[in-house]
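*Asks:* Chains as they are written, first to last, in the working numbering: chain D, 148 to 251; chain R, 148 to 251.
1. Do we get a CB-CB distance below 9 angstroms when we pair residue 185 of chain R with the residues of chain D?
2. Could you give the residue range of the beta strand (DSSP E) that holds residue 202 of chain D?
3. What in chain R is Cβ-close to residue 238 of chain D, meaning under 8 angstroms?
4. Look at the Cβ atom of residue 200 of chain R, then the Cβ atom of residue 155 of chain R, and state whether they are nearer than 9 angstroms.
5. What does residue 161 of chain D touch in chain R if you count any residue whose Cβ is under 8 angstroms from its own?
6. Do residue 232 of chain R and residue 159 of chain R have their C-beta atoms within less than 9 angstroms of each other?
7. Over the uninterrupted beta strand (DSSP E) stretch that includes residue 190 of chain R, give me the two end residues.
8. Over the uninterrupted alpha helix (DSSP H) stretch that includes residue 94 of chain R, give me the two end residues.
9. What does residue 178 of chain D touch in chain R if you count any residue whose Cβ is under 9 angstroms from its own?
10. Quick one: grab the DSSP three-state call for residue 210 of chain D.
11. Mind reading off the beta-carbon distance from residue 190 of chain R to residue 203 of chain D? Whole number of angstroms is fine, and I expect it under 8 angstroms.
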């Protein structure tokens, strides 16, 4: 499994609308993508315009090829893109280690 | 519960030593800290010198006060600090939403 970590900076005073929109996009578009295994969305305390989205994919190509080259990618970006104050920073990660109980 | 997200850039060609050291520090120091609830360590595919460490704390102050103002903080930094090519970027996050099944 691969972790996609996306770092978003959104325009000020749009957190409620952004949180509604991105959850809608996650549940209606991302959740139906091939290889999707789950997501987590976190909001930064020190910088409330910063959000970190984690999406778990079965393989790297499920995100970079299957999803990004599908029409669903444009639909997703149409939902979340208008909120972005800067280009998202997106990279992929392997799991190195974790504690036995990770509840977050 | 609060997520601490720490973004590390390490010196090149030290991944094996860093991964051994940080796991030792997590299991011998961080895991004993008041309010510690778990950790995850991920390594970036596109930039193998980048690691993201997630630590889950019961409260923000468990990290910012209880841990950082304890002698354990210096012990932890003595283990992982020598590997850092730049100052770590550390911020804290609330959970906004997650899918039902998050296995990563």
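Just so it is clear, CB atoms sit at the ideal spot from N, CA and C, and this is done for glycine as well.
Just so it is clear, the structure is predicted and the values come from calculations on it, not from any experiment.
*Replies:* On the basis of the data shown:
1. yes
2. 197-204
3. 191, 192, 193, 194 and 197
4. yes
5. Within 8 angstroms Cβ-Cβ: nothing; residue 161 of chain D doesn't reach chain R, min ~14 angstroms.
6. yes
7. 183-191
8. Residue 94 of chain R lies beyond the range of chain R shown here (148 to 251); nothing can be said about it.
9. 246
10. helix
11. With a Cβ gap of about 15 angstroms, residue 190 of chain R and residue 203 of chain D do not count as contacting.
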